[in-house]
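One structure below.
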Amino acid sequence: MKVKTGIISFAHLHAYSYARCLQWAEDAELVAVSDADETRGKAAAAALGTAFYSDYNELLKEDIDAVIICNENVHHKEAVIAAAKAGKHVLCEKPIATSVADAWEMINACKDNGVKLQIAFPVRFNPPVRRVKNLIDEGRLGRILAIRGTNRGQNPGGWFVDSALSGGGAVLDHTVHVVDLMRWFMNSEVKEVYAEIDTRFYDLNIDDCGLLMLEFENGVFASHDPSWSRSETFPTWGDVTLEIIGTDGVTKVDAYAQHLHLYSDQKHRYAHEFWGNDMDLGLIQDFISCIVEDREPSVTGIDGLRAMQVALAAYESSAQKKPVSIIRSWGD
Amino acid sequence: MLKVAVIGAGTMGSVHATAYSKMSSAELVGIVDPRREHTAKLASSLGTKSYDTLENLLEANDPDVVDVCVPTYLHRTYVERLARLKKHVICEKPISRTLEDARAMIDTCNKEGVDLYIAQVVRFFPEYKRAHDLLLDGAVGETGTVYAMRGGVFPQGWQDWYANFDRCGTLIVDMMIHDFDFLRWCYGDIERVFAKSMWGRDFQRLDHAMVSLRFKSGVIALCEGTWAHTDGFRTRLEISGKEGIISHDSEEAVAIRSSFRTRSSEAAGVAVPESPLNHDPYYLELEHFIDCIEHGKPPIVSAEDGYQALEISLAALESIQTGKPVEW
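Residue numbers (my numbering), protein chains in the order written: chain A, 56 to 387; chain B, 1086 to 1413.
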């Protein structure tokens, strides 16, 4: 079985990477793309050799099994619900949405229509990160006491810095990956968030830096830095790191440590050249296989919701200058 | 040449005594510690004498300066006694365990007309000094965020005082105060502190802490301290500015990495990282204090700086206890 797939929107640059992964994956086929921005969408369709629709509702009428949704954050909801109603399985770019209510509507729409909803947290498929997950599961670190995470980057610009489209800046953009990993490592939820959030690096009307202090239900405390704080001359786009303090050991994982040093006289800069495994390919293969094998996605809509809630609570904490509890709803 | 005595022959007392023994501007006249055998050995290796009490030292000699390297909770007692004896005092950090003690020490030294220096040594570490100077030169533009880390294994001390909250105040008072002082040096006054640590959870000779600092200038800093590592000691500093990044990791700044074959067939080779300097930061710091005493110069780090760094540590403990941020 080949899973026929479409991509809705190239607003998020990850769409290109996912498209390439779909073309590499043995049991997947990229059939069509859509984009409300015709110029951008037609360029993508030409580059990828697929059909093009400017309206994703037309794409959803095609004979396809699944869609990958990479439009602006605030538009995730309508696209996911439309796909669910059309009976298409969904891989949705992170963050799942920009509000808890929207996320629940999306989760319920997929459930009601019997389609799978996976959230794009590719770092779970990074081999060094998976190795650390195994170390923890094998008990090699003992009991976890504390975790420090970072997911720094540069200002992505465009709609990312327009809160009407993104729903939030650096804190929403760069909190969810690492919080997802922390939750996955420990099978525990964040119960309280404290955050300092500000705009200190760029001339923007949206947050570009912050610091989160987290309390998990299992008694572990953690911090996370989601700032767009990497300067222009930093040797790579950013980072994903976690340092885990356990009773029996300490480990630090850097998802992008597998790189060469490139000293370029042409570009007059020093850069990292990553040579590790492509985590996006792992994500796409997992999504395709959950359809082929008809199993639960390994990263669910609930996972997307929980990670987003932490970022939203961080904004609330920063505004109130005090820790904020995360209240779980819908009895789960 | 000033005559200097050191009280305490533990980890820091040994480091300080060793520094004075090499200094041309100071004469190390004795080391005081009730642990006779250990202290005698240290003293003879440094060409000085050991005494089991301060009284015994004072009977035999008359130092101009006394360096206090006793556990934190005993600082006030010794410093006030020495001030009344008109001795200039150099006191190991943290200045004291409580703000009340710290204020009393500063006031007594002022009243008795003697100098008081607090050994907040990080300002004398070349990598930190260089980072500070680069920052003030505008090398990375305005700072947005900072990460400062230090730590290693849980320390061993006399009567296990590091594990005693009332005596030590956890790694937040004992060790992270270095980064608090350094960041104050760089960014000035604090606006808000929020912190988490193992204190009040299951503090079993395994401590870890994260402290969020917000400066009045807007800078957001994360300080991390650990006594939960399985080996060694390490420091990290990363300053992210609008126009660049300054980054330091003691595990990377290693000039020599040797590996030695062990005799035992069971054990693997032991890796020994080294990063040698002409003078260690402790020497530079103490030489500077001696220079200040001799020539009446203002110190790079004052007793008041020691007081304010302690204020941050205690605010962090308060935040941990209440679960709320502490505002200035």
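C-beta atoms are modelled at their ideal positions from N, C-alpha and C, and glycine is treated no differently.
The contact set of residue 378(A) on chain B, defined by CB atoms closer than 9 Å, consists of 1279, 1408, 1409, 1410 in chain order.
In the structure shown, residue 133(A) falls within a helical segment according to DSSP collapsed to helix, strand and coil.
By the CB criterion at 7 Å, residue 1293(B) and residue 1313(B) fall inside the cutoff. Annotation note: the region 217-253 of chain A contains the following uninterrupted beta strand (DSSP E) runs of length 3 or greater, listed N- to C-terminal: 245-253. The residue among 120(A), 83(A), 66(A), 116(A) with its C-alpha nearest the C-alpha of residue 97(A) is 66(A).
For residue 1339(B), the number of other beta carbons within 10 angstroms of its own is below 16, and it is reported as exposed. In the DSSP annotation of this structure, the continuous segment of the beta strand (DSSP E) that includes residue 277(A) starts and ends at 276-280.
Straight-line spacing of the CA atoms in residue 346(A) and residue 188(A) works out to 24 Å. DSSP places residue 155(A) within a helical segment (H, G or I) once states are collapsed to three.
Here residue 113(A) carries a helix assignment [DSSP, helix/strand/coil].
Straight-line spacing of the CA atoms in residue 1144(B) and residue 1357(B) works out to 44 Å. Annotation: residue 1190(B) is outside any beta strand (DSSP E); the continuous alpha helix (DSSP H) that includes it extends over 1184-1197.
In this structure, residue 1230(B) and residue 286(A) do not form a Cβ contact; the two beta carbons are roughly 12 Å apart against a cut-off of 8 Å.
The residue from 1174(B), 1188(B), 1394(B), 1264(B) with its alpha-carbon nearest to that of residue 1214(B) is 1264(B). Per DSSP, residue 1267(B) is one residue of the alpha helix (DSSP H) stretching across 1262-1272. Residue 1389(B) sits exposed, since fewer than 16 C-beta atoms from the chains shown fall within 10 Å of its C-beta. Against chain A, the beta carbon of residue 1331(B) has no neighbour under 8 Å; the closest one sits roughly 10 Å away.
Chain-order list of chain B residues neighbouring residue 305(A): 1313, 1314, 1315, by C-beta distance under 7 Å. The alpha-carbon of residue 117(A) is positioned some 29 Å away from that of residue 334(A). Counting C-beta pairs closer than 8 Å gives fewer than three between the region 1180-1187 of chain B and the region 1206-1224 of chain B, which falls short of the contact rule. As computed with DSSP, residue 1312(B) is found in a beta bridge with 1292(B). Neighbourhood of residue 1297(B) in chain A, by CB distance below 8 Å: 249, 251, 266, 268, 278, in chain order. Cβ contact annotation for residue 1332(B) (same chain, cutoff 6 Å, sequence separation greater than five): 1323, in chain order. Counting along the chain, no beta strand (DSSP E) covers residue 1368(B); the unbroken alpha helix (DSSP H) around it starts and ends at 1366-1380. DSSP places residue 1321(B) in the uninterrupted beta strand (DSSP E) bounded by 1318-1326. Legend: CB atoms of the region 1204-1237 of chain B lying less than 9 Å from CB atoms of chain A belong to residues 1225, 1226, 1227, 1228, 1229, 1230, 1232, 1234. For the options 236(A), 63(A), 274(A), the alpha carbon positioned closest to that of residue 1284(B) is the one of 274(A). Going by DSSP, residue 86(A) is part of the beta strand (DSSP E) stretching over 83-89. Its Cα nearest to that of residue 1379(B), the residue 1173(B) stands out among 1173(B), 1139(B), 1133(B). At a beta-carbon threshold of 7 Å, the residues of chain A lying near residue 1327(B) are 256, ordered along the chain.
Residues of the region 193-211 of chain A whose Cβ lies closer than 7 Å to any Cβ of chain B, in chain order: 200, 201, 203. Neighbours of residue 289(A) in chain B, taken as residues whose beta carbon is under 8 Å from its own, are 1330 in chain order. In this structure, DSSP gives residue 1157(B) a helical state, which the three-state scheme calls helix. Think of a sphere of 9 Å around the beta carbon of residue 286(A): the chain B residues whose beta carbon falls inside it are 1225, 1226, 1325, 1326, 1327, 1328, 1329, 1330, in chain order. Closest in C-alpha terms to residue 198(A), from the list 210(A), 254(A), 304(A), comes 304(A).
Straight-line spacing of the CA atoms in residue 1407(B) and residue 292(A) works out to 38 Å.
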